[in-house]
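Below is one structure; the comments refer to it alone.
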Amino acid sequence: MSNALALVRSRRWSIRRLQNWELTTGFFVVGLLLVASLLAPYLAPYPPNQVNVLVALQGPSWHHWMGTDFVGRDVWSRVLFGLRIDVLIVALITYLGLVVGVIIGTVSGYVGGWFDAIVGRVADTVVAFPFIVLVLAVVAIVGPGLKGVAIGIVIVGWALYARLARAEMLSLREQPFIMSTRALGYSHLRTIFRHALPNLVRTSLVYSTVDVVVNMLVLAGMSYLGLGQQAPGADLGSIIASGQGYLLSAWWITTLPGAVLVLFGFGVSLIGDGITRGDLAQGRL
Amino acid sequence: MTDPLLNVEELSIAFRQRRGELTVVRDVSFDVGVGEVVGLVGESGSGKSVSCRSILRLMPAHGVMRARAIEFLGRDVTKLSDRELRDHRRHNVGMVFQDPYSCLNPTQRVGEQVAEALRVNAGMSKIDARARTIELFESVGIDRGAERQRSYPHELSGGMRQRVMIAIAISAGPKLLIGDEPTTALDVTTQAQILALMSRLRDDTGMAVLLVSHDFGVVAQVCDRVVVMYGGRVMESGPVTQVCTEPQHPYTRALLESIPRLEAAGRRVRREGIPGQPPNPADVGEGCPFADRCAHASARCSSVDMSLRPVGPSHVTACPFVGEWSDPPGATESSRVGGPS
Numbered sequence: 001m002s003n004a005l006a007l008v009r010s011r012r013w014s015i016r017r018l019q020n021w022e023l024t025t026g027f028f029v030v031g032l033l034l035v036a037s038l039l040a041p042y043l044a045p046y047p048p049n050q051v052n053v054l055v056a057l058q059g060p061s062w063h064h065w066m067g068t069d070f071v072g073r074d075v076w077s078r079v080l081f082g083l084r085i086d087v088l089i090v091a092l093i094t095y096l097g098l099v100v101g102v103i104i105g106t107v108s109g110y111v112g113g114w115f116d117a118i119v120g121r122v123a124d125t126v127v128a129f130p131f132i133v134l135v136l137a138v139v140a141i142v143g144p145g146l147k148g149v150a151i152g153i154v155i156v157g158w159a160l161y162a163r164l165a166r167a168e169m170l171s172l173r174e175q176p177f178i179m180s181t182r183a184l185g186y187s188h189l190r191t192i193f194r195h196a197l198p199n200l201v202r203t204s205l206v207y208s209t210v211d212v213v214v215n216m217l218v219l220a221g222m223s224y225l226g227l228g229q230q231a232p233g234a235d236l237g238s239i240i241a242s243g244q245g246y247l248l249s250a251w252w253i254t255t256l257p258g259a260v261l262v263l264f265g266f267g268v269s270l271i272g273d274g275i276t277r278g279d280l281a282q283g284r285l
Numbered sequence: 286m287t288d289p290l291l292n293v294e295e296l297s298i299a300f301r302q303r304r305g306e307l308t309v310v311r312d313v314s315f316d317v318g319v320g321e322v323v324g325l326v327g328e329s330g331s332g333k334s335v336s337c338r339s340i341l342r343l344m345p346a347h348g349v350m351r352a353r354a355i356e357f358l359g360r361d362v363t364k365l366s367d368r369e370l371r372d373h374r375r376h377n378v379g380m381v382f383q384d385p386y387s388c389l390n391p392t393q394r395v396g397e398q399v400a401e402a403l404r405v406n407a408g409m410s411k412i413d414a415r416a417r418t419i420e421l422f423e424s425v426g427i428d429r430g431a432e433r434q435r436s437y438p439h440e441l442s443g444g445m446r447q448r449v450m451i452a453i454a455i456s457a458g459p460k461l462l463i464g465d466e467p468t469t470a471l472d473v474t475t476q477a478q479i480l481a482l483m484s485r486l487r488d489d490t491g492m493a494v495l496l497v498s499h500d501f502g503v504v505a506q507v508c509d510r511v512v513v514m515y516g517g518r519v520m521e522s523g524p525v526t527q528v529c530t531e532p533q534h535p536y537t538r539a540l541l542e543s544i545p546r547l548e549a550a551g552r553r554v555r556r557e558g559i560p561g562q563p564p565n566p567a568d569v570g571e572g573c574p575f576a577d578r579c580a581h582a583s584a585r586c587s588s589v590d591m592s593l594r595p596v597g598p599s600h601v602t603a604c605p606f607v608g609e610w611s612d613p614p615g616a617t618e619s620s621r622v623g624g625p626s
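Going down the list, the sequences are from chains G and X.
Heads up: the first sequence begins at 1 in my numbering, then just goes up one per residue.
Heads up: the second sequence begins at 286 in my numbering, then just goes up one per residue.
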């Protein structure tokens, strides 16, 4: 009997595992890249900015896994350091936007009235505004560099979370369990943050996986345009940009860092899908 | 007659609409004594639910309540400041809602939710609250409390969840427990258990219970007194045995007659129920809201004065024509004394 039970258990376990292969794969890919970027100073075979013209424009080899660029810097080392700074900034700005947006949206949906009307219109305006133009405007004020881009992204980023959280709050507000917190005489802050927020943050978390990828691309794009990371610092966008003049003769400078960017985006998207799938399986969402 | 605990006087509730207001409760008065179990009965839309929520001033955003007074232990609830209102909600009244499936926070363990109520409303420390939670679970009939308190709401059955709700509602030792259709979403056996539990809690703690229900059977089982509502008005109110055996309002009588009975099993008795539909609140004006469906209605009913007239010891009715339609065998001497004036 116990054998049969164990079999059933293990089968269920493996099915569950299989069902959520997205989550597993996603975490594996993203985890690998995260660890690699965090350990960049230890993993990188060369200093990222070490110039050695004698080995300029060499293809991938055992010495230089991703080859070297036009002044002989090791592309793999630069990718590790570039990924590090990109991941750090993207995580920071995405989740700063999420926290700010979710709090504003939740409170706005709970309070309602004129406050909600103002927050709603501001968020609509920000969302409707051309994203890139706004980021460019901030860069124009702050000056080129990752800082300007990051500020620009946060200014835009909170609005979508605010709208998501507000919409969830509006339906949550009518839920009996929120009403029963009022019947119990709980304070508004307790109701909002202990009871409403944990129930609505899920949608925003799922959306943030999309947002991370988008922000990563914006950051890389800005660097590619020369408005983000400034030379000689490395981020994925600036590495890709630096190689485009050599695309035909030295393809590796542009394509291999690009592949890393794609791989990261792929992994994060898988995590998002996995979370959604897990919710559906549990009958939530 | 027990000491008064709650006294609702001339309560009216309206919902603000795009054009004007929609009155859903008109001049409702009732009272609850200390340790008394009072039933509030009526069809859906009769205004019983909003009426009982007014005791906690729990109104939807577009709801407006007016009352001459809602006195709870001598204090007028309608005049409390925000702070006093919060204290009133925390300490005086516990409320159990209809749907145990959506009344608990799905992201928190049930034990945490009970402990939170204890910490916030009874001012307990975390450790005391945890111990008390298990005691409370025991007193509401949840066995293996130490284990169950770690469950999430979706892991419990409807009856268990309703017990958790009751545990939360009584956590701060309220003087009045309001059950807003607490057994409607449960099956019959669980329903009986929950009702028995509420009666037992009344006996143990001496708190009064206001039980809102559309089911006369439920009310008859546990209540001392019953208030019958229809179309936002009180139709009749009195001791439960009196009202059930000698209803003094055509609506109450019709309601009692439409309850299916097990004795009729296999005999294919067809119960007509009450012809027609409950009124749309927008169409209810002066006069008796039941007139359209009443078998004894006449032209004067549309302008009749709906104030309550005594027909027996603490038994009142809104129908001034009781003597004309109630047949002698049912009506007692006392009910005729204070009859039509």
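Glycine residues also receive a C-beta, built at the ideal position from the N, C-alpha and C atoms.
Around the Cβ of R303(X), are there at least 16 other Cβ atoms within 10 angstroms (buried) or fewer (exposed)?
exposed
Report the neighbours of C388(X) on chain G: residues whose CB is nearer than 9 Å to its CB, in chain order.
Q175, P176, F177, M179, S180
Mapping the DSSP letters down to three states, classify S61(G) as helix, strand or coil.
coil
Other residues of its chain near R182(G): CB distance less than 8 Å, five sequence neighbours each side excluded:
T191
Residue-chain proximity (H188(G), chain X), Cβ-Cβ < 8 Å
no
Could you check where the beta strand (DSSP E) with I298(X) kicks off and where it finishes?
289-301
Cβ pair count under 8 Å reaching 3, the segment 523-543 of chain X against the segment 340-355 of chain X:
no
From which residue to which residue does the alpha helix (DSSP H) around F27(G) run?
21-38
For G245(G), count neighbouring C-beta atoms within 10 Å of its own C-beta (all shown protein chains included) and say buried if the count is 16 or more, exposed if not.
exposed
Of the listed residues S583(X), S329(X), P598(X), nearest to P605(X) (C-alpha basis):
Among S583(X), S329(X), P598(X), the Cα nearest to that of P605(X) is on S583(X).
Over what stretch of residues does the alpha helix (DSSP H) that includes M222(G) continue unbroken?
197-224
Mark K364(X) as exposed unless 16 or more other C-beta atoms lie within 10 angstroms of its C-beta, in which case mark it buried.
exposed
Among residues of its own chain, excluding the 5 on either side of T308(X), which ones have a beta-carbon nearer than 6 Å to its beta-carbon?
Correct list, in chain order: A299.
Count the other C-beta atoms from every protein chain shown that fall within 10 angstroms of the C-beta of R121(G), then say buried if there are 16 or more, exposed otherwise.
exposed
Buried or exposed for V262(G), please, with buried defined as at least 16 other CB atoms from any protein chain shown within 10 angstroms of its CB.
exposed
Using a beta-carbon distance below 8 Å, is R9(G) in contact with chain X?
Because R9(G) sits at a pLDDT of 49, beneath the cut-off of 50, its placement in the model cannot be relied upon, and the following sentence gives the value as read from the coordinates. Chain X contact via Cβ: absent.
Assign R543(X) to one of three DSSP states: helix, strand, or coil.
Note on residue identity: the sequence assigns Ser, not Arg, to residue 543(X). Looking at S543(X) - three-state DSSP - the assignment turns out to be coil, as it is neither helix nor strand.
Is M591(X) close to chain G? Criterion is C-beta to C-beta, closer than 8 Å.
no
Are the segment 443-462 of chain X and the segment 383-402 of chain X touching by the rule of at least three beta carbon pairs closer than 8 Å?
yes
When you compare the CB positions of V589(X) and P467(X), do they come within less than 8 Å of one another, or not?
no
Quick one: what's T308(X) bridged to in DSSP?
Paired residues: A299(X).
Whether L471(X) touches I479(X) by CB criterion (8 Å):
yes
Taking only three categories from DSSP, how would you classify V609(X)?
Note that residue 609(X) corresponds to Glu in the displayed sequence, not to Val. Residue state, collapsed to three classes: helix.
Once DSSP output is grouped into helix, strand and coil, what is the label at Y161(G)?
Under the three-state reduction of DSSP output, Y161(G) falls in the helix class.
The alpha helix (DSSP H) that contains G430(X), what's its start and end?
430-433
Excluding sequence positions up to five away, which residues of its chain have a Cβ less than 6 Å from the Cβ of S2(G)?
Its pLDDT being 46, under 50, S2(G) is placed unreliably by the model, and nothing is read from it.
What residue does the beta strand (DSSP E) around T602(X) start on, and which one ends it?
600-602
Quick check: is the beta carbon of L184(G) nearer than 8 Å to any beta carbon in chain X?
L184(G) counts as touching chain X.
Exposed or buried, what is W62(G) when buried is set at 16 or more other beta-carbons lying within 10 Å of its beta-carbon?
With fewer than 16 Cβ atoms within 10 Å of its Cβ, W62(G) is classed as exposed.
Quick check: what's the CA-CA separation for A493(X) versus T392(X)?
So the alpha carbons of these two residues sit roughly 32 Å apart.
Under DSSP, the alpha helix (DSSP H) around P595(X) begins and ends at which residues?
Element bounds for P595(X): not the alpha helix (DSSP H) but the beta strand (DSSP E), 594-597.
From S204(G), N52(G), A231(G), L83(G), pick the residue whose C-alpha is nearest to that of L32(G); which is it?
L83(G)
What residues are listed by DSSP as bridge partners for M350(X)?
For M350(X), which the question treats as bridged, DSSP gives the partners I298(X).
L5(G) burial status per 10 Å Cβ neighbour count (16 or more: buried):
Residue placement at L5(G) cannot be trusted, given a pLDDT of 48 that sits under 50; the coordinates are not used to answer.
Within 8 Å of any Cβ in chain X, is that where the Cβ of G143(G) sits?
no
Tell me which residues share the same chain as A159(G) and place their Cβ nearer than 7 Å to its Cβ, disregarding the 5 neighbours each side in the sequence.
G101, A123, V126, V127
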